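Just below is one structure, and these are the notes that go with it.
See the structure below:
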């Protein structure tokens with residue numbers, strides 16, 4: 632069988648100050664950020680692998696990674712430049728695959744270049760590996776070919792039990808989807824969708840529908856801005872590819888060819904309660920149509936965090 636995307640792996644947020652990001656995350660989501668030792672057995676890791684450049688978080692039904700670019704290129708990752716000079720915000724999106732070798736071969740067949748954690752090109756003679764564990768196979772696409780940097784990872788089964796304790800609850804055999812947590816001040820029900828701004832919709836559609844075999848859901852046009860949204864579902868995730876109108880600020884972000892991973896939208900019980908909580912913790916937000924609450928990138932470490940009370944299109948059954 633051809634390699635497939637099994638599920639979302641994680642979005643990666645680039646932050647300049649991990650301590651400040653941890654504090655913000657605790658205040659906004661009322662969840663404890665996770666250290667590497669809480670997600671994997673450090674004794675099994677490459678001893679030269681730097682484990683101080685990121686922290687992890689599980690929010691509702693999404694496993695997140697917060698990464699500091701200035702701490703990343705150390706030890707086994709020394710010399711890496713892929714995150715160098717990146718502004719704060721979304722710097723990548725990862726997917727679980729059941730066959731990393733087959734996945735990168737499939738991407739290469741369609742002219743998409745990829746590299747491993749050390750920045751070395753993945754080829755048929757040099758399959759993907761990871762710098763931290765021998766039975767984790769991971770690689771990244773080149774943004775020039777795919778708009779943003781996408782990661783595909785195959786994780787050895789022996790790590791699932793530890794990783795599913797706190798880092799990614801979806802790997803548990805009894806996972807049946809998110810539930811409303813009693814101590815969740817935001818009232819998160821589930822993830823609605825991820826938003827990626829693009830001026831090259833055919834490139835995004837080719838990757839997600841032709842190569843990865845995602846399902847086109849619908850298109851819509853914003854009556855105020857004129858921006859077009861194209862929704863594509865892949866595995867357990869809904870993606871919105873937003874094509875802005877020319878000569879707007881969003882268009883300027885993508886006019887040179889690279890896509891802009893803007894952020895993520897959560898479905899909540901009560902957007903007024905979300906606003907009240909953000910007021911209580913001193914986080915700036917805007918209110919949009921239908922009462923939606925939006926933490927703008929300037930107030931959310933470069934990420935747009937949206938909270939809505941209705942889905943743009945029905946969730947997958």
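Numbering (this note's numbering), first residue to last: 632 to 948. Glycine residues also receive a C-beta, built at the ideal position from the N, C-alpha and C atoms. Only a predicted model underlies this, so the values are computations on that prediction, with no experimental measurement involved.
Scanning the region 867 to 899 from its first residue to its last, the whole beta strand (DSSP E) runs of 3-plus residues come out as 868 to 874, 891 to 899.
Within the same chain, and ignoring the five residues on either side of residue 760 in sequence, the residues whose Cβ sits closer than 7 Å to its Cβ are 747, 768. Relative to the Cα of residue 754, the nearest Cα in the group 913, 742, 764, 765 belongs to 742. In the structure shown, residue 686 adopts extended strand secondary structure according to DSSP, grouped into three states. In the DSSP assignment, residue 669 forms no beta bridge with any residue. Approximately 6 Å separates the beta-carbon atoms of residue 932 and residue 644; this is inside 8 Å, confirming the contact. With a contact defined as Cβ atoms closer than 8 Å, residue 647 and residue 699 qualify at about 7 Å. Membership of residue 756 in any alpha helix (DSSP H) is not indicated, and neither H nor E is assigned to it by DSSP. In chain order, 811, 899, 900, 901, 904, 905 place their CB closer than 8 Å to the CB of residue 818, counting only its own chain and leaving out the 5 sequence neighbours on each side.
Residue 740 carries a helical assignment under DSSP once its states are collapsed to helix, strand and coil. Cβ atoms of residue 729 and residue 637 come within 8 Å of each other, at about 5 Å. Contact annotation: residue 642 and residue 653 have beta-carbon atoms that are not nearer than 7 Å. Annotation for residue 662: 656, 688, 689, 690 place their beta carbon closer than 8 Å to its own, counting only its chain and skipping 5 residues before and after. Residues 684, 714 of the same chain have their beta carbon placed closer than 6 Å to that of residue 703, with the five preceding and five following residues left out of the count. Under the DSSP assignment, residue 655 falls in the alpha helix (DSSP H) whose first and last residues are 649 to 660. If you compare the alpha carbons of 814, 816, 731, 863 with that of residue 838, the shortest gap goes to 863. With a cutoff of 7 Å on beta-carbon distance, residue 826 and residue 893 are scored as near each other. With contacts defined as CB atoms closer than 7 Å, residue 770 and residue 711 fail to qualify as a contacting pair. For residue 906, the enclosing alpha helix (DSSP H) stretches over residues 902 to 911. Collapsing the DSSP output to three states places residue 789 in a helix.
Counting along the chain, the unbroken beta strand (DSSP E) around residue 847 starts and ends at 846 to 852. Contact between the region 665 to 673 and the region 779 to 798 is present, with at least three C-beta pairs closer than 8 Å. Apart from the 5 residues on each side of it in sequence, residue 731 sits with its Cβ closer than 8 Å to the Cβ of 634, 758, 759, 768, 769, 770, 783, 784, 785 in its chain, given in chain order.
In this structure, 832 is the residue among 832, 815, 847, 802 with its C-alpha nearest to the C-alpha of residue 779. Bridge partners of residue 722 according to DSSP: none are assigned. The beta carbon of residue 884 sits closer than 7 Å to the beta carbons of 828, 891 from its chain, once the five residues preceding and following it are set aside; these are given in chain order.
Rounded to whole angstroms, residue 918 and residue 927 show a C-alpha spacing of 10 Å.
Secondary structure of residue 776 (DSSP, three-state): helix.
For residue 832, the enclosing alpha helix (DSSP H) stretches over residues 832 to 836. Residue nearest to residue 913 within the set 650, 640, 726, 660 is 660 (criterion: CA-CA distance).
Judged by DSSP in its simplified three-state form, residue 921 adopts helix. Shown here for residue 776: same chain residues with a beta carbon closer than 6 Å to its own, the five before and five after excluded, namely 743, 744 in chain order. Between residue 756 and the set 736, 774, 709, 763, the nearest pair of CA atoms involves 736. The beta carbon of residue 824 sits closer than 6 Å to the beta carbons of 869, 871, 896 from its chain, once the five residues preceding and following it are set aside; these are given in chain order.
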